[in-house]
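Q: Provided herewith is a single structure, encoded as structure tokens, for subsequent inquiry.
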Amino acid sequence: MIVVPALLSLLVTLFCLLARPTRDEAEQAALLPFADDPPAARRLERDTGLRCEALVEVPFEPLSRPPGFRLDA
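Heads up: the sequence shown at position 36 corresponds to 45 in the numbering used here, and the numbers run straight through without jumps.
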């Protein structure tokens, strides 16, 4: 009866050790807050030497108003 919980514990520990992110993946995850701000990502790369590989260009979308919308001041 003791063998089953011990084996299960060993399997869970082994899975956790093998599933953890690599150093590079963890570093890129830490840089994600800069991914949607290209100027901040460039400053970060200039100051630290770390490059954000997931840089995203956010397209500009003007605010749309529903038909008949009018703001009365």
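Note that CB positions come from ideal geometry on N, CA and C, so glycine has one too.
Count the other CB atoms, across all protein chains shown, that sit within 10 Å of the CB of A39; report buried if there are 16 or more and exposed otherwise.
A: Taking the first residue of the sequence shown as position 1, residue 39 is located at position 30. A39 should be labelled exposed.
Q: In the DSSP assignment, find the alpha helix (DSSP H) that holds D33 and state where it starts and stops.
A: Walking along the sequence shown from the start, residue 33 turns up at place 24. Here the alpha helix (DSSP H) through D33 covers R32 to A39.
Q: If L59 and E36 are in contact, beta carbons under 8 Å, what's the gap, nearest whole angstrom?
A: In the sequence shown, the residue the question calls residue 59 occupies position 50. In the sequence shown, the residue the question calls residue 36 occupies position 27. That pair is a contact at about 7 Å.
Q: Any idea if F24 is buried or exposed, counting beta-carbon neighbours within 10 angstroms, 16 or more meaning buried?
A: By 1-based counting over the sequence shown, the position of residue 24 is 15. In the assembly as shown, F24 is an exposed residue. Its beta-carbon has fewer than 16 other beta-carbons within 10 Å.
Q: Alpha carbon to alpha carbon, how far is C61 from T22?
A: For the purposes of this step, residue 61 is taken as the residue at position 52 of the sequence shown. For the purposes of this step, residue 22 is taken as the residue at position 13 of the sequence shown. About 31 Å.
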